[in-house]
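Participant: Each residue of the sequence shown is one higher than the one before, counting from 804 in this note's numbering. To start, I am sharing the structure in question, which I have written as structure tokens.
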Amino acid sequence: MLTHDELTRRWPTIPLATSGTIHTLVRRLGGGAHYTPEAITLSPVTGIVGDRWARAGAKRHPEAQVTLMERRVVDLLTGHPSRWHVPGDNVVVDLDLSFAALPVGARLACGEVVLEITAKPHTGCDKFRARLGDDALRWVNAREHRALRLRGVNARILVGGTVRRGDHFVRA
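Rendered as structure tokens:
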């Protein structure tokens with residue numbers, strides 16, 4: 804695991820586009836287990852079909868049906884595409900997730916699927932800390948990075964459908 808200073812030194816400053824390729828899809832199975840399928844089905848009612856969010860009952864938050872994280876951040880934190888599932892986000896994508904690019908209420912489309920960025924902050928949890936370390940959690944949440952949303956974003960599903968690795972999300 805990299806230290807906070809190492810993460811800061813290695814972080815690229817090249818801005819991203821407002822459309823981006825999906826690199827990894829993750830279904831969280833529960834108990835810390837992840838499945839990385841080629842495609843996932845999204846539903847406005849149940850979230851990602853087969854994801855633990857649908858089984859969370861009263862604990863599930865409607866503004867956190869889907870989590871997205873930027874590929875460069877995931878790569879920096881995990882070191883290899885085979886580990887891009889480790890942070891536990893559903894979609895790893897090359898896309899500017901900053902507040903400037905995707906304010907609350909912004910919509911992303913991929914085929915028939917439409918997501919809406921929600922106000923619920925996505926700041927990490929004990930699972931993220933256990934998997935990636937204190938420095939990683941502090942780095943993604945550092946004051947100077949908050950506007951970039953390095954930890955990712957929460958979204959709700961407005962229109963369901965299927966997305967696949969290699970598909971593109973665009974600002975709708």
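Quick reminder that beta carbons are idealized off the backbone N, C-alpha and C, glycines included. This one's a predicted model, so the numbers in the text were calculated from it and none came from an experiment.
Identify which residue in R959, A975, A958, A939 has its Cα closest to the Cα of E809.
Facilitator: Looking at the Cα atoms, A939 is the closest of the given residues.
Participant: Roughly how far, in whole angstroms, is the beta-carbon of I920 from the beta-carbon of L845, given that I think they are within contact range, below 8 angstroms?
Facilitator: Not quite, the Cβ-Cβ distance comes to about 15 angstroms (not below 8 angstroms), so this is no contact.
Participant: DSSP on L810, reduced to helix/strand/coil?
Facilitator: Residue state, collapsed to three classes: helix.
Participant: Determine contact between the stretch 907–925 and the stretch 859–868, defined as no fewer than three beta-carbon pairs at a distance below 8 angstroms.
Facilitator: The stretch 907–925, when compared against the stretch 859–868, does touch it at the 8 angstroms Cβ threshold.
Participant: Thinking L1001 and L879 are a contact (beta carbons under 8 angstroms), I'd like their distance in whole angstroms, please.
Facilitator: This structure gives no information on residue 1001, because the portion of the chain shown stretches from 804 to 975.
Participant: Closest Cβ-Cβ distance between T870 and chain C: below 9 angstroms?
Facilitator: Structure shown: chain C not included; a single protein chain is present.
Participant: Within a Cβ cutoff of 7 angstroms, which residues of the same chain sit near D970, ignoring the five residues on either side of it in sequence?
Facilitator: Answer for D970: I825, C913, G914, listed in chain order.
Participant: Would you mind listing the beta strand (DSSP E) stretches within the stretch 843–877 that are 3+ residues and don't spill past its ends, in chain order?
Facilitator: 869–873, all fully within the stretch 843–877.
Participant: With distances taken between CB atoms, is the gap from G850 to L900 smaller than 9 angstroms?
Facilitator: Cβ distance not < 9 angstroms, so G850 and L900 don't count as in contact.
Participant: DSSP state of A939, grouped into three classes?
Facilitator: The answer is helix: DSSP assigns A939 an H, G or I state.
Participant: Ends of the beta strand (DSSP E) at T827?
Facilitator: Segment 822–828, the beta strand (DSSP E) holding T827.
Participant: Please state whether the Cβ-Cβ distance between R874 and D854 is less than 9 angstroms.
Facilitator: Contact flag unset, no.
Participant: Reducing DSSP to helix, strand and coil, say where T926 ends up.
Facilitator: DSSP places T926 in coil when its eight states are reduced to three.
Participant: Can you list, in chain order, the residues of its chain with a C-beta nearer than 7 angstroms to that of D892? Leave out the 5 residues immediately preceding and following it.
Facilitator: Within the same chain, D892 has close Cβ partners V829, T870, L871, M872, G955.
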